[in-house]
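First up is the structure itself, then whatever we jot down about it.
There are 2 protein chains.
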Amino acid sequence: MSVIKARRERERAQRHQLIITAARELAEAEGWEAVTTRRLAERVEYSQPVLYSHFSGKDAIVRAVAIDGFGELAAHLRRARLANPELRQALHAACRAYLDFATERPALYQAMFVMPTDVKFAHAETPPPLRACFDEFVGCFRPDNARRELFAEVIWSALHGIATLSASGRIPLDIQDERLDFLVTQFIDAPS
Amino acid sequence: MSVIKARRERERAQRHQLIITAARELAEAEGWEAVTTRRLAERVEYSQPVLYSHFSGKDAIVRAVAIDGFGELAAHLRRARLANPELRQALHAACRAYLDFATERPALYQAMFVMPTDVKFAHAETPPPLRACFDEFVGCFRPDNARRELFAEVIWSALHGIATLSASGRIPLDIQDERLDFLVTQFIDAPS
DNA sequence: CAGGATGTCTAGCGTTGCTAGGATGTGGCC
DNA sequence: GGCCACATCCTAGCAACGCTAGACATCCTG
Numbered sequence: 057m058s059v060i061k062a063r064r065e066r067e068r069a070q071r072h073q074l075i076i077t078a079a080r081e082l083a084e085a086e087g088w089e090a091v092t093t094r095r096l097a098e099r100v101e102y103s104q105p106v107l108y109s110h111f112s113g114k115d116a117i118v119r120a121v122a123i124d125g126f127g128e129l130a131a132h133l134r135r136a137r138l139a140n141p142e143l144r145q146a147l148h149a150a151c152r153a154y155l156d157f158a159t160e161r162p163a164l165y166q167a168m169f170v171m172p173t174d175v176k177f178a179h180a181e182t183p184p185p186l187r188a189c190f191d192e193f194v195g196c197f198r199p200d201n202a203r204r205e206l207f208a209e210v211i212w213s214a215l216h217g218i219a220t221l222s223a224s225g226r227i228p229l230d231i232q233d234e235r236l237d238f239l240v241t242q243f244i245d246a247p248s
Numbered sequence: 057m058s059v060i061k062a063r064r065e066r067e068r069a070q071r072h073q074l075i076i077t078a079a080r081e082l083a084e085a086e087g088w089e090a091v092t093t094r095r096l097a098e099r100v101e102y103s104q105p106v107l108y109s110h111f112s113g114k115d116a117i118v119r120a121v122a123i124d125g126f127g128e129l130a131a132h133l134r135r136a137r138l139a140n141p142e143l144r145q146a147l148h149a150a151c152r153a154y155l156d157f158a159t160e161r162p163a164l165y166q167a168m169f170v171m172p173t174d175v176k177f178a179h180a181e182t183p184p185p186l187r188a189c190f191d192e193f194v195g196c197f198r199p200d201n202a203r204r205e206l207f208a209e210v211i212w213s214a215l216h217g218i219a220t221l222s223a224s225g226r227i228p229l230d231i232q233d234e235r236l237d238f239l240v241t242q243f244i245d246a247p248s
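Heads up: the protein sequence lines correspond to chains A and B, in order. In terms of our numbering, the first sequence is numbered consecutively and its last residue is 248. In terms of our numbering, the second sequence is numbered consecutively and its last residue is 248.
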């Protein structure tokens, strides 16, 4: 009896993840406006209502995709930072990794940082992977810098601005490197 | 004959603007998701198809609202900048004015800088009011600074990041002043 | 005063997110 | 083993969306 129940819950969890990855793939391939509950249901080979037995609505699916993304971004940032022992280079690499992530996975990035969400960032209930992302930026500044959290927050905001304005075509991509160099230079030599 | 035609065109232009302001008011009051063609038509006291005789679709209405906003933002920034003769204070005031604009008119800001658009920013066909906004930031740096355009672009991006992350509740509003002070400090003393 | 152009509305199409209610099939109990 | 109860899943449909076709009315022109 309990074995069967366990198997069912396992299958259910698998399907749960299947929905998330299907939504993400569809969004990455054709953008979020193409992710309709019908198309998503067709893709996971179930009918629409099963989506609602896993998630309260479409927004919840987007949120689930976003949380997946936080983990990946944290790993990306960590790899970039640790590959450079020197702080300035580490910050530069992390920033570049961030912008690359945003341009290579635009739909995922949108779900994480643009679409309406109820995830609080600097908060007790912040999802650990998201907190890990933030900490990667904090780690690019000296430990004795009392304001390093503020530094991290502002540089993250700046990167976010650059990423979104680029993604929507509002600023050109061709001088992205210059922007990046300039940004890092301004922030790395700040008084603590 | 020509008089009648003129009157009609005048009335038509008035109604055109009426649609734009109605869309903006509705968006400011209840957010863009509440701006449906039906509600908008009801508000201007015409039927839906009239909207389509003025605009190619809902997107075009949003664009029209956005362009209205560029003019207002430029005026805001200009006022803030000119009220402070000293460059550092001028930049600080302009940045604050920008963030205030974004928080006080969130829906308008969204139409201008978040929603999909075909407006190019640094381009020959950039609408003059938008170019004027950019020039206000450029004017906060010394004329002999060869990279002032880059400075302006990056600081604008940073402000945009702060504004959008704040608006979506991703970063808390309570330390906005600290962020602003820090940002201005980092950018004003940059080597040209 | 008739004819044609212009302007506006009613009605409806296809699609969206979401849900109610019935059919199907499996698991546990006597 | 037979039956009931429960869980699972799907068909069908609702209200609202952006948008459009075609009928109706209104006004200027000759």
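Note that CB positions come from ideal geometry on N, CA and C, so glycine has one too. All values reported here derive from a predicted model rather than from experimental measurement.
Short-range partners of chain A found in the segment 224-236 of chain B, where Cβ spacing is below 8 Å = Correct list: S224, G225, R226, I227, P228, I231, E234, R235.
Going by beta carbon distance, what residues of the same chain come within less than 7 Å of G87(B), once the five residues before and after it are set aside?
-> Closer than 7 Å at Cβ, skipping near neighbours: A163.
Answer yes or no: does any C-beta atom of chain B fall closer than 8 Å to that of I218(A)?
-> Cβ-Cβ to chain B under 8 Å: yes for I218(A).
What does a CB cutoff of less than 8 Å around K176(B) pick up in its chain, not counting 5 residues either side in sequence?
-> Around K176(B): T182.
CA nearest to the CA of L133(A), picked from I117(A), L155(A), A120(A) | Ranking I117(A), L155(A), A120(A) by Cα distance to L133(A) puts L155(A) first.
Could you pull the start and end residues of the alpha helix (DSSP H) that F157(B) belongs to?
-> Per DSSP, the continuous alpha helix (DSSP H) segment holding F157(B) begins and ends at 143-160.
Range of the contiguous alpha helix (DSSP H) that encloses D200(A) = Premise fails: D200(A) is in no alpha helix (DSSP H) and is neither H nor E.
On a CA-only basis, which of R64(A), P247(A), E234(A), R63(A) is nearest C151(A)? Give me that one, please.
-> Of R64(A), P247(A), E234(A), R63(A), the residue nearest in Cα terms is E234(A).
Three-way DSSP call (helix, strand, coil) for A85(B) in this model = Note: A85(B) maps to helix in three-state DSSP.
Coil, strand or helix - K114(B) by DSSP = Residue state, collapsed to three classes: helix.
C-alpha distance - G127(A) paired with A219(B), whole-angstrom precision | When only Cα atoms are considered, G127(A) and A219(B) end up about 25 Å apart.
Would you mind working out which of L143(A), V194(A), L215(A), K114(A) sits nearest A83(A), comparing C-alpha positions?
-> Nearest to A83(A) by alpha-carbon distance, out of L143(A), V194(A), L215(A), K114(A), is K114(A).
Assign L229(B) to buried or exposed, taking buried as 16 or more other Cβ atoms, counted over all protein chains shown, within 10 Å of its Cβ.
-> Only exposed fits L229(B), as fewer than 16 other CB atoms lie within 10 angstroms of its CB.
Nearest to P172(A) by alpha carbon, out of A116(A), L147(A), P141(A)?
-> Just measuring C-alpha positions, the residue of A116(A), L147(A), P141(A) sitting nearest P172(A) is A116(A).
Scan the segment 84-105 of chain A for residues whose Cβ lies nearer than 7 Å to a Cβ of chain B and list them as they occur along the chain.
-> Of all residues in the segment 84-105 of chain A, none comes within less than 7 Å of chain B when Cβ atoms are compared.
Using a C-beta to C-beta distance shorter than 8 Å, which residues of chain A count as neighbours of T173(B)?
-> The answer, in chain order, is S224, G225, R226.
Coil, strand or helix - G125(B) by DSSP = Here G125(B) carries a helix assignment [DSSP, helix/strand/coil].
Can you tell me whether DSSP reads R226(B) as helix, strand or coil?
-> Looking at R226(B) - three-state DSSP - the assignment turns out to be coil, as it is neither helix nor strand.
So, is the C-beta of K176(A) closer than 8 Å to a C-beta in chain B?
-> Judged by the 8 Å Cβ criterion, K176(A) is in contact with chain B.
Residue-level contact to chain B via CB, E209(A), 8 Å cutoff = Among the residues facing chain B, E209(A) is included, as its CB has a counterpart in that chain under 8 Å away.
Residues of chain B with CB under 8 Å from L215(A), in chain order?
-> What L215(A) touches in chain B: G217.
Chain B contact residues for F238(A), given Cβ-Cβ distances below 8 Å = Residues of chain B with a Cβ closer than 8 Å to the Cβ of F238(A) are, in chain order, R203, L206, F207, V210, A246.
Could you tell me whether the Cβ atoms of R144(B) and G195(B) are closer together than 8 Å?
-> Contact flag unset, no.
Could you tell me whether any Cβ in chain A is nearer than 8 Å to the Cβ of L221(B)?
-> So, interface residue.
Contacts around F197(A), its chain only, beta-carbon distance under 6 Å, and the 5 residues preceding and following it disregarded = The beta carbon of F197(A) sits closer than 6 Å to the beta carbons of R204, F207 from its chain, once the five residues preceding and following it are set aside; these are given in chain order.
Nonlocal neighbours in the same chain, by C-beta distance under 6 Å from R80(A), ignoring five residues either side | Counting only Cβ-Cβ distances below 6 Å, and skipping sequence neighbours, we find V121.
Excluding sequence positions up to five away, which residues of its chain have a Cβ less than 8 Å from the Cβ of R135(B)?
-> Once the five neighbours on either side are set aside, the close Cβ partners of R135(B) are A153.
Could you name the residues of the same chain whose beta carbon sits closer than 6 Å to that of L186(B), not counting the 5 residues immediately before and after it, in chain order?
-> So the list reads F126, once near-sequence residues are dropped.
Rounded to whole angstroms, what's the CA-CA distance from P107(A) to A97(A)? Just pull it up for me.
-> Before going on, a small fix: residue 107(A) reads as Leu here, not Pro. Between L107(A) and A97(A), the alpha-carbon positions lie close to 7 Å from each other.
Which of the three DSSP states, helix, strand or coil, is assigned to P185(A)?
-> Three-state DSSP puts P185(A) in a helix.
In this structure, does DSSP put V210(A) in helix, strand or coil?
-> If DSSP states are grouped into helix, strand and coil, V210(A) belongs with the helices.
Measure the Cβ-Cβ separation of A214(B) and S213(A) and say whether it is below 8 Å.
-> For A214(B) and S213(A), yes; Cβs fall inside 8 Å.
Roughly how many whole angstroms lie between the Cα atoms of G225(A) and I231(A)?
-> Roughly 13 Å separates the two Cα atoms.
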